[in-house]
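There are 6 protein chains.
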Amino acid sequence: MTSSELETGLPSIRQIQTLIRDETEVELKLITNDLLTGKMRWQDQNCICLHDHYDQPTIVWRQAIVYLKPKP
Amino acid sequence: MTSSELETGLPSIRQIQTLIRDETEVELKLITNDLLTGKMRWQDQNCICLHDHYDQPTIVWRQAIVYLKPKP
Amino acid sequence: MTSSELETGLPSIRQIQTLIRDETEVELKLITNDLLTGKMRWQDQNCICLHDHYDQPTIVWRQAIVYLKPKP
Amino acid sequence: MTSSELETGLPSIRQIQTLIRDETEVELKLITNDLLTGKMRWQDQNCICLHDHYDQPTIVWRQAIVYLKPKP
Amino acid sequence: MTSSELETGLPSIRQIQTLIRDETEVELKLITNDLLTGKMRWQDQNCICLHDHYDQPTIVWRQAIVYLKPKP
Amino acid sequence: MTSSELETGLPSIRQIQTLIRDETEVELKLITNDLLTGKMRWQDQNCICLHDHYDQPTIVWRQAIVYLKPKP
């Protein structure tokens, strides 16, 4: 909640935008060691929204993300 | 405590506002691996307040939130 | 230590002030999974001070707080 | 490393100053669940320095502190 | 997401740039205790991208990095 | 990555500079509970570089440091 614009020039932000647009299936590893899989629908400064195989949304806090991996 | 206005333009903030207004039951996963369920009553920059089934409030620090899931 | 004024307009800050004034017994869940109980005596931007049943103080860093629960 | 002055007006900073001046023995609980005991010698924005019973210093990062407890 | 320029004057940023350019194999230790190995491809303020031996990318959040070790 | 100058006036920064200059062997405790030992070579705002007994470098992120202890 520190800044009000998503920095769309950053590689990480742009790659996530591409993965959202292409509806690529991804894995999100979280600091609790949870591994979520699904398709990302939107991102903002605080969160990334992931839909699972039943199209149920999970709003993930960025602070809790360890890594993101597109499924090959 | 870094900024004084809740950025109501952000998708994550707006979706939480909608979940509060609609009294949707949600799951909050925390970095301690606790999974709280209940209805959110308010949010500010630091915290989200969740009421459980006995209407008891829990003030959750945002920094400790991993993800939020509306119950289907 | 990023900002110098406690934002007394925020619901979370005000609710803590009320719990301090009313000497409400609370539970503080910490990221180490410790659960402290007692009455809060003061808060500032960095910390919350909790007194236990023997009136011994513990200065808790906000960054380590997961949730706060007034005892019913 | 976000701000350059220690905010000496804050209760938490002042109480730590008092504990340093009075050479009070304290317990520091850390996010790794370590519990250090000793006397604090100095604080700055990033760290608190603790000396153990053999007068060996440990520089503790504030970000890793969960709570501080003066020994009764 | 707090600042918009990668501070290329910092030793840590420059060393990572060198490791990217030289395609040095590295180990990345993460706060979940995962140990990733591979070659870094890019960095920005939020993330570092690592390719594994099958050339699959993993976007690692900086906040989750504990240490980086070039393989000898 | 929030500020561009290392605050060389701070006791913690200065003590680390002294430990670097004197090539003092140190222990670095990390949030993963790893305990690294070696000699520090440089610090910047984001990281501290530690060389082990085989002179292999490890770039440690400050955010992951719990405490630093000069070996007696």
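From first to last, the protein sequence lines are chains F, H, W, Z, L and E. Under the numbering used here, the first residue of the first sequence carries the number 1, and numbering increases by one thereafter. Under the numbering used here, the first residue of the second sequence carries the number 73, and numbering increases by one thereafter. Under the numbering used here, the first residue of the third sequence carries the number 145, and numbering increases by one thereafter. Under the numbering used here, the first residue of the fourth sequence carries the number 217, and numbering increases by one thereafter. Under the numbering used here, the first residue of the fifth sequence carries the number 289, and numbering increases by one thereafter. Under the numbering used here, the first residue of the sixth sequence carries the number 361, and numbering increases by one thereafter. Backbone N, C-alpha and C fix where the C-beta goes; we use that ideal spot for every residue, glycine too. Please read these numbers as outputs of a predicted model, since none were measured by experiment.
query: Whole-angstrom Cβ separation of F:ASN33 and H:LEU82, contact assumed at under 8 Å?
result: Not a contact, Cβ separation roughly 27 Å.
- prompt: Do you know how far the Cα of E:ALA424 is from the Cα of F:THR8?
  reply: 28 Å
- prompt: Roughly how many whole angstroms lie between the Cα atoms of Z:LEU222 and Z:ARG230?
  reply: 10 Å
- request: Inspect the beta-carbon positions of H:VAL132 and H:ILE103 and report whether they are closer than 8 Å.
  value: no
message: Tell me the residue span of the beta strand (DSSP E) that contains F:GLN43.
response: 35 to 43
- prompt: In terms of residues, what are the limits of the beta strand (DSSP E) holding W:PRO201?
  reply: 201 to 205
message: So if DSSP puts F:LEU50 in a beta bridge, which residue, or which two residues, is it bridged to?
response: F:MET40 and F:THR58
query: Does the Cβ-Cβ distance between W:GLN200 and Z:PRO288 come in under 8 Å?
result: yes
field: Distance, H:MET112 Cα to W:ARG185 Cα
entry: 27 Å
field: Under 7 Å by beta carbon: chain E residues contacting Z:ASP260
entry: LEU370, PRO371 and SER372
For L:TYR342, the nearest candidate out of L:GLN305, L:PRO358, L:ARG350 and L:THR325 (CA to CA): L:THR325
Bridge-paired residues (DSSP) for F:ILE65: F:LEU30
query: Considering H:LEU91, what are the terminal residues of the alpha helix (DSSP H) in which it resides?
result: 83 to 93
task: With a cut-off of 8 Å on the beta carbons, I'd call H:SER84 and F:ASP44 a contact; round off their distance for me.
output: 5 Å
6 Å CB neighbourhood of L:ILE308 in its chain, flanking five on each side removed: MET328
message: Between E:CYS409, E:GLU385 and E:GLU387, which has its C-alpha nearest L:LEU356's C-alpha?
response: E:CYS409
- prompt: Checking contacts by CB at 8 Å: is L:ASP344 closer than that to chain E?
  reply: According to the sequence as given, residue 344 of chain L is Gln; it is not Asp. Not closer than 8 Å to any Cβ of chain E, the Cβ of L:GLN344 fails to qualify, so no.
message: According to DSSP, simplified to helix, strand and coil, what is H:GLU77?
response: coil
query: Exposed or buried, which one is L:LEU316 when buried takes at least 16 other CB atoms within 10 Å?
result: buried
message: For H:GLU97, which residues in the same chain have their Cβ closer than 8 Å to its Cβ, ignoring the five residues on either side in sequence?
response: THR109, GLY110, LYS111, PRO142 and LYS143
- prompt: Ordered along the chain, which non-local residues of its own chain (more than five positions away) have a Cβ less than 8 Å from that of F:GLU23?
  reply: LYS39
message: Given this structure, state the Cα-to-Cα distance separating Z:GLN233 from Z:LEU251, to the nearest angstrom.
response: 20 Å
query: So what does DSSP say about F:PRO72, is it helix, strand or coil?
result: coil
Contacts that F:ILE16 makes with chain H (C-beta to C-beta distance below 9 Å): Chain H residues near F:ILE16: none, gap ~13 Å exceeds 9 Å.
task: Please report how far the alpha carbon of H:ILE134 lies from the alpha carbon of L:ARG350, in whole angstroms.
output: The sequence given here places Arg at residue 134 of chain H; Ile does not occur at that position. Computed Cα separation, rounded: 19 Å.
message: Residues of chain W with CB closer than 8 Å to the CB of Z:VAL276, please, in chain order.
response: Residues of chain W passing the Cβ test: none, with the nearest at roughly 11 Å.
query: What residues in the region 310 to 323 of chain L bring their beta carbon closer than 8 Å to a beta carbon of chain B?
result: Although the question refers to chain B, the structure presented lacks it and instead comprises the protein chains F, H, W, Z, L and E.
query: Any C-beta of chain F sitting closer than 8 Å to the C-beta of L:MET289?
result: Interpretation of L:MET289 is limited by its pLDDT of 41, a score under 50 that renders its predicted location unreliable; the figure taken from the coordinates is listed afterwards. Yes, contact with chain F.
query: Comparing the C-beta of L:SER308 with each C-beta of chain E, is any distance below 8 Å?
result: Checking the sequence shown, residue 308 of chain L turns out to be Ile, not Ser. No, because no Cβ of chain E sits closer than 8 Å to the Cβ of L:ILE308.
field: Neighbour list for E:LYS399 in chain Z, Cβ cutoff strictly below 7 Å
entry: Within 7 Å Cβ-Cβ: nothing; E:LYS399 doesn't reach chain Z, min ~16 Å.
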